[in-house]
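Read the structure below first, then the notes.
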Amino acid sequence: MNNKLFCGSVKITCVHTKSYIHEHSAVKIYKIHLPSNYTNISILKKHLSVAELKRSQRYHFQQDRDRFIICRAFLRLLLSDHLDLDSNKIVIATDENKKPFLPSHPKVFFNVSHTLEYGLIAISQYPVGIDVEYIDSKMNHLETASLLFKTNDLNILANSNDKIRLFFTYWTRKESIVKATGGGIDDNFIHIPVRDGKHLINANLIKNGTALSVYSFEVDDHHIGSIAMRFTEEAVQELFFLPLPSVSN
(Lines of atoms letter the chains of each structure in order from A and count residues from 1; the text may use other names and numbers.)
(Lines give C-alpha, C1' and ligand atoms only; values in the text may rest on other atoms or scores of the structure.)
Protein backbone atom coordinates (compact mmCIF):
# COMPACT_ATOMS: atom_id res chain seq x y z
CA MET A 1 0.00 0.00 0.00
CA ASN A 2 1.25 3.47 -0.88
CA ASN A 3 0.60 6.84 0.69
CA LYS A 4 0.88 10.38 -0.59
CA LEU A 5 3.60 12.77 0.52
CA PHE A 6 4.01 16.29 -0.79
CA CYS A 7 7.09 18.44 -0.16
CA GLY A 8 7.52 22.07 -1.13
CA SER A 9 8.42 25.55 0.04
CA VAL A 10 6.03 28.36 0.83
CA LYS A 11 6.05 31.99 1.88
CA ILE A 12 5.25 32.63 5.53
CA THR A 13 3.98 36.02 6.69
CA CYS A 14 3.88 37.53 10.18
CA VAL A 15 0.34 38.58 11.11
CA HIS A 16 0.06 41.20 13.84
CA THR A 17 -3.71 41.09 14.40
CA LYS A 18 -6.09 38.17 14.68
CA SER A 19 -8.66 37.55 11.97
CA TYR A 20 -11.36 34.95 11.40
CA ILE A 21 -9.46 33.50 8.42
CA HIS A 22 -6.18 33.12 10.30
CA GLU A 23 -7.78 31.85 13.50
CA HIS A 24 -9.75 29.17 11.62
CA SER A 25 -6.95 27.94 9.38
CA ALA A 26 -6.07 24.25 9.34
CA VAL A 27 -2.92 24.91 11.34
CA LYS A 28 -1.84 27.75 13.61
CA ILE A 29 1.86 28.59 13.68
CA TYR A 30 3.62 30.87 16.17
CA LYS A 31 7.18 32.22 16.30
CA ILE A 32 8.88 33.13 19.57
CA HIS A 33 12.06 35.19 19.62
CA LEU A 34 13.65 33.62 22.68
CA PRO A 35 16.22 36.34 23.65
CA SER A 36 13.39 38.91 23.79
CA ASN A 37 11.67 36.84 26.48
CA TYR A 38 14.52 36.16 28.90
CA THR A 39 13.38 39.15 30.96
CA ASN A 40 9.91 37.56 31.21
CA ILE A 41 11.08 34.32 32.82
CA SER A 42 9.69 35.09 36.28
CA ILE A 43 6.26 35.83 34.79
CA LEU A 44 6.27 32.86 32.40
CA LYS A 45 7.21 30.42 35.17
CA LYS A 46 3.84 31.10 36.80
CA HIS A 47 2.12 29.29 33.94
CA LEU A 48 4.07 26.05 34.42
CA SER A 49 2.96 23.07 36.45
CA VAL A 50 4.95 21.85 39.45
CA ALA A 51 6.28 18.94 37.38
CA GLU A 52 7.36 21.30 34.59
CA LEU A 53 9.16 23.56 37.04
CA LYS A 54 11.01 20.53 38.41
CA ARG A 55 11.85 19.45 34.87
CA SER A 56 13.28 22.89 34.11
CA GLN A 57 15.64 22.56 37.07
CA ARG A 58 17.12 19.38 35.62
CA TYR A 59 18.70 21.32 32.75
CA HIS A 60 22.38 21.87 33.49
CA PHE A 61 22.73 25.21 31.68
CA GLN A 62 20.69 28.29 32.53
CA GLN A 63 20.02 29.07 28.86
CA ASP A 64 18.52 25.59 28.35
CA ARG A 65 16.29 26.07 31.40
CA ASP A 66 15.14 29.44 30.14
CA ARG A 67 14.34 28.12 26.65
CA PHE A 68 12.25 25.31 28.10
CA ILE A 69 10.35 27.70 30.39
CA ILE A 70 9.65 30.17 27.57
CA CYS A 71 8.48 27.56 25.06
CA ARG A 72 6.38 25.59 27.54
CA ALA A 73 4.76 28.70 29.01
CA PHE A 74 3.83 30.05 25.58
CA LEU A 75 2.53 26.61 24.60
CA ARG A 76 0.25 26.68 27.64
CA LEU A 77 -0.89 30.24 26.90
CA LEU A 78 -1.65 29.38 23.29
CA LEU A 79 -3.50 26.18 24.20
CA SER A 80 -5.40 28.20 26.81
CA ASP A 81 -6.54 30.59 24.11
CA HIS A 82 -7.30 27.76 21.67
CA LEU A 83 -9.34 25.74 24.19
CA ASP A 84 -10.71 28.64 26.23
CA LEU A 85 -9.25 27.13 29.41
CA ASP A 86 -7.06 28.58 32.15
CA SER A 87 -3.43 27.78 31.33
CA ASN A 88 -2.86 26.17 34.74
CA LYS A 89 -5.76 23.76 34.20
CA ILE A 90 -4.28 22.26 31.06
CA VAL A 91 -2.77 18.80 31.55
CA ILE A 92 -0.01 17.86 29.11
CA ALA A 93 0.85 14.16 29.14
CA THR A 94 3.26 12.06 27.02
CA ASP A 95 2.54 8.86 25.10
CA GLU A 96 4.73 5.77 24.79
CA ASN A 97 6.95 7.58 22.29
CA LYS A 98 7.31 10.58 24.65
CA LYS A 99 5.18 12.71 22.31
CA PRO A 100 3.15 15.28 24.31
CA PHE A 101 -0.64 15.25 24.02
CA LEU A 102 -3.76 16.55 25.79
CA PRO A 103 -5.71 13.73 27.50
CA SER A 104 -8.75 16.02 27.82
CA HIS A 105 -8.69 17.02 24.13
CA PRO A 106 -7.30 14.09 22.08
CA LYS A 107 -8.26 15.75 18.78
CA VAL A 108 -6.12 18.82 19.44
CA PHE A 109 -2.57 18.30 18.21
CA PHE A 110 0.50 20.47 18.78
CA ASN A 111 4.24 20.45 18.34
CA VAL A 112 7.19 22.59 19.46
CA SER A 113 10.71 23.13 18.14
CA HIS A 114 13.45 25.57 19.04
CA THR A 115 16.98 26.70 18.28
CA LEU A 116 19.12 29.05 20.36
CA GLU A 117 17.21 32.03 19.00
CA TYR A 118 13.71 30.92 17.98
CA GLY A 119 10.91 28.73 19.20
CA LEU A 120 8.14 27.56 16.87
CA ILE A 121 4.77 26.19 17.98
CA ALA A 122 2.12 24.57 15.76
CA ILE A 123 -1.47 23.74 16.80
CA SER A 124 -3.89 21.80 14.59
CA GLN A 125 -6.95 19.56 14.59
CA TYR A 126 -4.81 16.94 12.82
CA PRO A 127 -1.37 15.45 13.62
CA VAL A 128 1.31 18.07 13.05
CA GLY A 129 5.08 18.30 13.32
CA ILE A 130 7.29 21.38 13.14
CA ASP A 131 11.05 21.86 13.09
CA VAL A 132 13.42 24.84 12.95
CA GLU A 133 17.16 24.74 12.43
CA TYR A 134 19.98 27.28 12.36
CA ILE A 135 21.74 27.21 8.99
CA ASP A 136 25.21 26.22 10.18
CA SER A 137 27.66 26.93 7.36
CA LYS A 138 30.50 25.28 9.31
CA MET A 139 28.79 21.89 9.39
CA ASN A 140 30.10 19.13 7.11
CA HIS A 141 26.69 18.77 5.51
CA LEU A 142 27.72 16.58 2.55
CA GLU A 143 29.15 13.88 4.80
CA THR A 144 26.06 14.03 7.04
CA ALA A 145 23.70 14.04 4.05
CA SER A 146 24.78 10.56 2.97
CA LEU A 147 23.49 9.25 6.30
CA LEU A 148 20.12 10.99 5.98
CA PHE A 149 19.05 10.97 2.33
CA LYS A 150 18.78 8.49 -0.53
CA THR A 151 20.16 8.84 -4.07
CA ASN A 152 17.50 11.04 -5.71
CA ASP A 153 17.55 13.58 -2.90
CA LEU A 154 21.35 13.47 -2.73
CA ASN A 155 21.67 14.16 -6.46
CA ILE A 156 19.51 17.28 -6.22
CA LEU A 157 21.45 18.42 -3.17
CA ALA A 158 24.80 17.89 -4.92
CA ASN A 159 23.70 20.01 -7.91
CA SER A 160 22.18 22.82 -5.86
CA ASN A 161 23.58 26.35 -6.00
CA ASP A 162 22.97 26.67 -2.26
CA LYS A 163 23.80 23.25 -0.85
CA ILE A 164 23.88 24.29 2.81
CA ARG A 165 20.45 25.93 2.77
CA LEU A 166 18.93 23.01 0.84
CA PHE A 167 20.50 20.52 3.26
CA PHE A 168 18.79 22.17 6.22
CA THR A 169 15.55 22.46 4.24
CA TYR A 170 15.60 18.70 3.66
CA TRP A 171 16.66 18.03 7.24
CA THR A 172 13.79 20.06 8.75
CA ARG A 173 11.35 18.29 6.45
CA LYS A 174 12.43 14.88 7.73
CA GLU A 175 12.34 16.05 11.33
CA SER A 176 8.85 17.52 10.95
CA ILE A 177 7.57 14.28 9.39
CA VAL A 178 8.75 12.05 12.24
CA LYS A 179 7.50 14.58 14.80
CA ALA A 180 4.05 14.60 13.18
CA THR A 181 3.80 10.82 13.23
CA GLY A 182 5.62 10.15 16.48
CA GLY A 183 7.74 7.55 14.71
CA GLY A 184 11.15 8.84 15.71
CA ILE A 185 14.37 8.36 13.76
CA ASP A 186 14.52 4.69 12.76
CA ASP A 187 15.68 2.54 9.84
CA ASN A 188 12.97 4.01 7.61
CA PHE A 189 14.12 7.60 8.17
CA ILE A 190 16.68 7.61 5.34
CA HIS A 191 14.14 6.21 2.84
CA ILE A 192 11.58 9.03 3.21
CA PRO A 193 11.93 11.36 0.18
CA VAL A 194 11.95 15.09 0.91
CA ARG A 195 12.81 16.72 -2.44
CA ASP A 196 10.19 19.04 -3.90
CA GLY A 197 7.14 17.42 -5.44
CA LYS A 198 4.50 14.74 -4.91
CA HIS A 199 5.64 11.28 -3.87
CA LEU A 200 3.93 7.92 -3.56
CA ILE A 201 5.73 6.06 -0.80
CA ASN A 202 5.34 2.74 0.95
CA ALA A 203 2.92 3.31 3.83
CA ASN A 204 5.31 1.45 6.13
CA LEU A 205 7.91 4.22 5.78
CA ILE A 206 5.82 6.59 7.90
CA LYS A 207 4.30 5.47 11.19
CA ASN A 208 0.51 5.01 11.02
CA GLY A 209 0.68 5.34 7.23
CA THR A 210 -0.19 9.02 7.43
CA ALA A 211 -0.52 11.05 4.20
CA LEU A 212 1.27 14.36 4.72
CA SER A 213 2.00 17.70 3.12
CA VAL A 214 5.33 19.22 4.19
CA TYR A 215 6.10 22.89 3.70
CA SER A 216 9.42 24.64 4.27
CA PHE A 217 9.74 28.35 4.99
CA GLU A 218 12.31 30.96 5.99
CA VAL A 219 12.15 31.95 9.66
CA ASP A 220 14.83 34.56 8.97
CA ASP A 221 18.01 34.75 6.87
CA HIS A 222 19.78 32.25 9.14
CA HIS A 223 16.99 29.84 10.13
CA ILE A 224 14.87 27.37 8.14
CA GLY A 225 11.62 25.83 9.33
CA SER A 226 9.36 23.06 8.03
CA ILE A 227 5.90 21.89 9.03
CA ALA A 228 4.30 18.50 8.32
CA MET A 229 0.52 18.54 8.28
CA ARG A 230 -2.50 16.70 6.89
CA PHE A 231 -2.18 16.03 3.16
CA THR A 232 -4.33 18.10 0.82
CA GLU A 233 -4.51 17.75 -2.97
CA GLU A 234 -4.40 21.52 -3.36
CA ALA A 235 -1.08 22.93 -2.19
CA VAL A 236 -1.03 25.66 0.44
CA GLN A 237 0.04 28.97 -1.09
CA GLU A 238 0.98 30.83 2.09
CA LEU A 239 1.40 30.22 5.81
CA PHE A 240 1.19 32.68 8.68
CA PHE A 241 2.94 33.35 11.96
CA LEU A 242 0.05 34.35 14.22
CA PRO A 243 0.43 36.92 17.01
CA LEU A 244 1.57 35.66 20.42
CA PRO A 245 -0.47 36.31 23.55
CA SER A 246 0.70 39.15 25.76
CA VAL A 247 2.76 38.24 28.80
CA SER A 248 1.42 39.74 32.02
CA ASN A 249 1.46 39.04 35.74
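Remember, the working numbering sits 1 above the position in the sequence shown when you count from 1. A virtual CB, placed ideally from N, CA and C, is assigned to each residue, including glycine.
Rounded Cβ spacing between residue i and residue j (contact assumed at less than 8 angstroms)
i: A289; j: A229; result: Nothing about residue 289 can be reported from this structure: the residues present for the chain run from 2 to 250 only.
i: L35; j: I70; result: Incorrect: roughly 10 angstroms between the Cβ atoms, too far for contact.
i: F111; j: L76; result: 7 angstroms
i: S217; j: G226; result: 7 angstroms
i: P246; j: K19; result: Incorrect: roughly 10 angstroms between the Cβ atoms, too far for contact.
i: L79; j: Y31; result: 6 angstroms
i: V237; j: V11; result: 6 angstroms
i: V129; j: V28; result: 6 angstroms
i: Y119; j: I42; result: About 17 angstroms separates the two Cβ atoms, so there is no contact after all.
Buried or exposed (CB count within 10 angstroms, at least 16 for buried), residue i
i: H61; result: exposed
i: D132; result: buried
i: H17; result: exposed
i: G91; result: The sequence given here has Ile at residue 91, not Gly. Buried, since its Cβ has 16 or more Cβ neighbours within 10 Å.
i: H224; result: buried
i: K108; result: exposed
i: H48; result: buried
i: T40; result: exposed
i: K139; result: exposed
i: L148; result: exposed
i: K55; result: exposed
i: D221; result: exposed
i: R59; result: exposed
i: D67; result: buried
i: T233; result: exposed
i: R38; result: The question names Arg, but residue 38 in the sequence shown is Asn. Looking at its Cβ environment, which holds 16 or more other Cβ atoms inside 10 Å, N38 is buried.
i: T145; result: exposed
Boundaries of the beta strand (DSSP E) in which residue i is found, first to last residue
i: S50; result: Where S50 is concerned, there is no enclosing beta strand (DSSP E), given that its DSSP letter is neither H nor E.
i: V28; result: V28 to H34
i: I93; result: Counting along the chain, I93 falls outside any beta strand (DSSP E), and DSSP gives it neither H nor E.
i: T14; result: K12 to C15
Other residues of its chain near residue i: CB distance less than 6 angstroms, five sequence neighbours each side excluded
i: H83; result: I124
i: L201; result: N3
i: E53; result: R73
i: P101; result: I93 and T95
i: S114; result: L121, I131, D132 and V133
i: E176; result: D132
i: S88; result: H48, R77, L78 and S81
i: S161; result: L167
i: R231; result: Y127
i: G1; result: Because the chain spans 2 through 250 in this model, residue 1 falls outside it and cannot be assessed.
Cutoff 8 angstroms; reference residue i; Cβ partners in own chain excluding five residues on either side
i: K164; result: H142, L143 and L158
i: T14; result: E239, L240, F241 and F242
i: N98; result: G183, G184 and G185
i: P194; result: L6, C8, K151, N153, D154, H200 and I202
i: A204; result: M2, N3, N4 and G210
i: N189; result: N205, L206 and I207
Residue i: first and last residue of the uninterrupted alpha helix (DSSP H) it sits in
i: H83; result: Q63 to L84
i: I44; result: I42 to L45
Sequence-distant residues of its chain with Cβ nearer than 7 angstroms to residue i (five each side left out)
i: T152; result: none
i: H106; result: L84
i: I136; result: I165, R166, F169, H223, H224 and I225
i: R174; result: C8, V195, V215, S217 and S227
i: I178; result: G130, I193, I207, L213, V215 and A229
Unbroken stretches of the beta strand (DSSP E), 3 residues or longer, contained in the region 96–164: 110–115, 119–125 and 130–135
Minimum length 4: unbroken alpha helix (DSSP H) runs contained in the region 162–244: 164–182
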